[in-house]
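Take a look at the structure below.
Put into structure tokens, the structure is as follows:
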């Protein structure tokens with residue numbers, strides 16, 4: 075589903091199979107890097123399923139799809155500019171196949187929005203960032219796998235460094251009036267997301283060496 079969707083997306087702009095192969099190979103290579111455990115092709119596939127379910131609500135489906143494929147194409151847990159670098163790579167690739175600037179601009183805006191997940195004036199961006207966070211509201215076993223995979227991605231840090239930082243991130247979600255900005259995702263995932271996040275915080279508190 076994932077690769078086929080991407081190839082069909084690019085066929086809107088180029089008939090050159092070599093170019094399409096090269097673009098997909100870049101995505102496949104980046105999202106299968108050995109240090110990735112959550113930010114993988116599986117994440118993209120789940121993300122795509124969430125977005126496909128609300129396609130009729132989205133104004134610029136093309137921009138949303140490009141943002142989906144490129145939003146985590148650069149992912150280094152040791153850096154704080156992954157979104158900027160991913161956005162640059164997306165822009166460069168889209169410009170090379172003459173995608174309109176309005177679509178490129180919205181793609182870049184979506185990618186950058188995943189840095190803070192704040193409310194946007196653009197409904198498409200709110201749907202996009204909500205779908206990106208949808209893992210928070212999954213069944214407890216899925217959420218547990220997600221939290222474990224995130225820990226693996228940051229395994230360079232010892233527990234004494236990682237867990238306080240992770241707890242701060244989780245508390246940030248709980249302090250939001252709404253984790254999910256759109257009514258669709260709020261109704262679907264908000265309640266379970268808060269249950270999952272509180273459970274992870276409790277686990278951190280109970281296992282803390284401090």
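Numbering (the working numbering), first residue to last: 75 to 284. C-beta: ideal position from N, C-alpha, C; glycine also. None of these values were measured; they are calculated from a predicted model.
Could you tell me which of the options sits nearest to residue i, measuring between CA atoms?
i, options, result
"residue 270", "227, 119, 214", "214"
"residue 190", "259, 90, 223, 155", "155"
"residue 146", "124, 112, 281, 262", "112"
"residue 108", "149, 233, 219", "149"
"residue 133", "261, 173, 180", "180"
"residue 167", "281, 267, 97, 245", "97"
"residue 122", "110, 102, 143, 262", "143"
"residue 258", "85, 228, 138, 129", "129"
"residue 137", "80, 216, 238", "80"
"residue 249", "267, 236, 195", "267"
"residue 212", "85, 263, 125", "263"
"residue 277", "261, 241, 110", "241"
"residue 101", "90, 89, 78, 86", "78"
"residue 110", "237, 90, 152", "152"
"residue 127", "202, 86, 216", "202"
"residue 200", "125, 173, 91", "125"
"residue 131", "232, 197, 90, 87", "197"
Could you check where the alpha helix (DSSP H) with residue i kicks off and where it finishes?
i, result
"residue 239", "233-248"
"residue 280", "257-281"
"residue 197", "197-206"
"residue 166", "156-170"
"residue 144", "135-144"
"residue 90", "No alpha helix (DSSP H) holds residue 90; DSSP gives it neither H nor E."
"residue 221", "214-227"
"residue 115", "115-126"
"residue 176", "175-187"
"residue 210", "Element bounds for residue 210: n/a, residue is neither H nor E."
"residue 86", "It is not in any alpha helix (DSSP H) - residue 86 carries neither H nor E in the DSSP assignment."
How should residue i be labelled, buried or exposed, when 16 other C-beta atoms within 10 angstroms of its C-beta is the threshold for buried?
i, result
"residue 284", "Caution applies to residue 284, whose pLDDT of 48 falls short of 50 and renders its modelled position unreliable; the model cannot decide the point."
"residue 226", "exposed"
"residue 82", "exposed"
"residue 165", "buried"
"residue 255", "buried"
"residue 230", "exposed"
"residue 204", "buried"
"residue 265", "exposed"
"residue 192", "exposed"
"residue 216", "exposed"
"residue 175", "exposed"
Can you give me the Cβ contacts of residue i inside the same chain, cut-off strictly under 6 Å, excluding the 5 residues immediately before and after it?
i, result
"residue 206", "188"
"residue 94", "81, 84"
Skipping 5 residues on each side, what residues in its chain have a beta carbon closer than 7 Å to that of residue i?
i, result
"residue 161", "182, 185, 186"
"residue 76", "115, 118, 119, 122"
"residue 244", "271, 274, 275"
"residue 159", "148"
"residue 163", "144, 147, 148"
"residue 208", "124, 259, 263"
Below 8 Å CB to CB, which residues in the same chain sit around residue i once its five sequence neighbours on both sides are set aside?
i, result
"residue 177", "134, 136, 137, 140, 168"
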